[in-house]
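**Student:**
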Amino acid sequence: MLIRDFLNLLLDDTLEEARLRHRGPEDRLAFQGAERGVEDSRRAMTGEQMRRKLRELLEEARASAEAASGRPDEAFWFSRELHVEWIAKVISVVLLTAHVEVIVTPSREAALKAAQLMELDPG
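So for the sequence shown, full-length UniProt numbering puts the first residue at 1; every next one is plus one.
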């Protein structure tokens with residue numbers, strides 16, 4: 001599987017999981033935050049320096065979520081941060097297996113998701 005295919009699967013899968021998780025009207029801001037996090041991650045993963053751009057995006061997402069604490073749009077920024085971090089963790093699993101510096105320490109769940117996505121290789 002090509003890395004670009006893996007990244008597209010990860011982003012599409014993350015957005016679909018967010019869509020299923022945030023169905024109700026009370027979840028509207030959280031879904032919009034997840035959607036924005038996936039879009040921002042997709043932009044960060046284009047061109048050169050993907051790892052650096054994704055790391056910077058994660059730092060910015062964390063700062064934005066912290067700044068939004070207590071505001072009416074807190075759910076949007078918190079969800080955006082969580083989804084950017086999730087994407088960074090799953091990508092970090094792949095980086096770790098390639099013996100490359102990771103973006104963020106991957107979790108067990110991220111390793112399982114990376115393995116699951118790699119199994120979807122039709123070739």
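For glycine and all other residues, C-beta sits at the position ideal for the given N, C-alpha and C.
Between which two residues does the alpha helix (DSSP H) containing residue 14 stretch?
**Tutor:** Residue 14 -> alpha helix (DSSP H) spans 3-21.
**Student:** Grab me the residues of residue 62's own chain with a C-beta within less than 7 Å of its C-beta, minus the 5 sequence neighbours each way, in chain order.
**Tutor:** 81.
**Student:** Return helix, strand or coil for residue 90, following the three-state DSSP convention.
**Tutor:** In the structure shown, residue 90 sits in a helix (DSSP, three-state: H, G or I).
**Student:** Is DSSP giving residue 116 helix, strand or coil here?
**Tutor:** Residue 116: helix per DSSP, three-state reduction.
**Student:** Give a yes or no on whether the C-beta atoms belonging to residue 33 and residue 78 are separated by under 9 Å.
**Tutor:** Cβ distance < 9 Å, so residue 33 and residue 78 count as in contact.
**Student:** Determine the closest residue to residue 38 out of 114, 103, 14, 65, with distance taken between C-alpha atoms.
**Tutor:** Comparing Cα positions, the closest option is 14.
**Student:** Are the Cβ atoms of residue 111 and residue 100 separated by less than 9 Å?
**Tutor:** No; because the gap between Cβ atoms is not below 9 Å, this pair is not in contact.
**Student:** Do you know offhand how far residue 35's Cα is from residue 18's?
**Tutor:** The straight-line gap from Cα to Cα measures roughly 8 Å.
**Student:** Report all residues from its chain with a CB closer than 7 Å to the CB of residue 107; omit the five preceding and five following residues, and keep chain order.
**Tutor:** Taken in chain order, the residues that qualify are 89.
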